[in-house]
Amino acid sequence: MKVQNIRMTATKKLIEEAFTDLLRKKGIEKITIKNITERAKINRATFYAHYEDKYQLFDEMIKGAATELINVHTKEENIWNQKQVTCLTQAVFEYLNQVKMSCPYSYQNLFPLLRMKMLNALKTHLESLFNSNNISEIKEFNILMYSRIIYDAAEVLVVEKTNLTYTEVIEEISEIILDNNQSF
Numbered sequence: 002m003k004v005q006n007i008r009m010t011a012t013k014k015l016i017e018e019a020f021t022d023l024l025r026k027k028g029i030e031k032i033t034i035k036n037i038t039e040r041a042k043i044n045r046a047t048f049y050a051h052y053e054d055k056y057q058l059f060d061e062m063i064k065g066a067a068t069e070l071i072n073v074h075t076k077e078e079n080i081w082n083q084k085q086v087t088c089l090t091q092a093v094f095e096y097l098n099q100v101k102m103s104c105p106y107s108y109q110n111l112f113p114l115l116r117m118k119m120l121n122a123l124k125t126h127l128e129s130l131f132n133s134n135n136i137s138e139i140k141e142f143n144i145l146m147y148s149r150i151i152y153d154a155a156e157v158l159v160v161e162k163t164n165l166t167y168t169e170v171i172e173e174i175s176e177i178i179l180d181n182n183q184s185f
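The opening residue of the sequence shown carries number 2 in this note's numbering; numbering runs sequentially from there.
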């Protein structure tokens, strides 16, 4: 059984490497299962034994990446303050920037898929943070809004043009999120 697991892991790694290499060269919508299997030197049946389609492959590849980056960036911050907002924004920025650099031809098509993963990871992190600090006045709505503000600010930095620097964007979103008197 252990040999089979090692073989499955090795095969999945070949498939993921082939897919990642193809994403660097063309958009996800133009990548076929045939492209992946030829690059990985496996047959189609082997691919389908592991994945339903290329989107499930992509989903599994990014599963956990959002949470992992948030944990890495916030491991020393467990209070809700500007440093926490900065760390979370850095995590999202890094997450999106990695995809943009790795998938230059399809990152804009991939961002909607990534958005939900990262928003869920941010929401989970913030719920944990607020529960651990017993901040009872923070409601689910606020957590969802904070998650979206942080994500959207990082996405603007990665995708869109802005005259603001990275630091200025973080200062702006910190002011919006942390200033209780701020009205939207």
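No residue lacks a Cβ here, since even glycine has one placed at the ideal position from N, Cα and C.
Under the three-state reduction of DSSP, which class applies to residue i: helix, strand or coil?
i      : result
Lys140 : coil
Asp22  : helix
Glu161 : coil
Look at residue i and residue j and say whether their C-beta atoms are less than 8 angstroms apart.
i      : j      : result
Asn110 : Gly28  : yes
Ile16  : Phe59  : no
Ile37  : Lys55  : yes
Asn79  : Leu127 : no
Would you kindly work out how many angstroms separate the C-alpha atoms of residue i and residue j, rounded to a whole number?
i      : j      : result
Val86  : Lys31  : 37 angstroms
Leu75  : Leu158 : A small correction: the amino acid at residue 75 is Thr; Leu does not occupy that position in the sequence shown. Rounded to the nearest angstrom, the two C-alpha atoms are 20 angstroms apart.
His51  : Leu23  : 18 angstroms
Ser148 : Ile171 : 14 angstroms
Ile144 : Trp81  : 12 angstroms
Arg45  : Val160 : 35 angstroms
Glu53  : Glu61  : 11 angstroms
Lys84  : Glu77  : 10 angstroms
Considering only the alpha carbon of each residue, which of the options lies closest to residue i?
i      : options                           : result
Glu141 : Phe59, Asn121, Leu89 and Ser107   : Asn121
Gln57  : Glu77, Ile34, Glu39 and Asp22     : Ile34
Cys88  : Ile151, Glu18, Leu15 and Lys162   : Ile151
Ala19  : Glu39, Asn44 and Met9             : Glu39
Val73  : Lys55, Tyr49 and Glu95            : Glu95
Cys104 : Thr21, Thr10 and Ala154           : Thr21
Ala67  : Ala92, Glu78 and Ser175           : Ala92
Pro113 : Asn132, Glu77, Leu127 and Ile63   : Ile63
Met146 : Leu179, Thr163, Met102 and Leu115 : Leu179
Could you tell me if residue i is buried or exposed, where buried requires 16 or more neighbouring beta carbons within 10 angstroms of its beta carbon?
i      : result
Ser184 : Residue confidence is low: Ser184 scores 36 on pLDDT, short of 50, so the model does not pin down where it sits. Its coordinate-derived value is still stated next. Exposed, because fewer than 16 other Cβ atoms sit within 10 Å of the Cβ of Ser184.
Thr119 : According to the sequence provided, residue 119 is Met. The question's Thr does not apply to it. Buried, by the Cβ-count rule.
Leu123 : buried
Ser107 : buried
Ser175 : buried
Ala154 : buried
Thr168 : exposed
Leu165 : exposed
Thr10  : exposed
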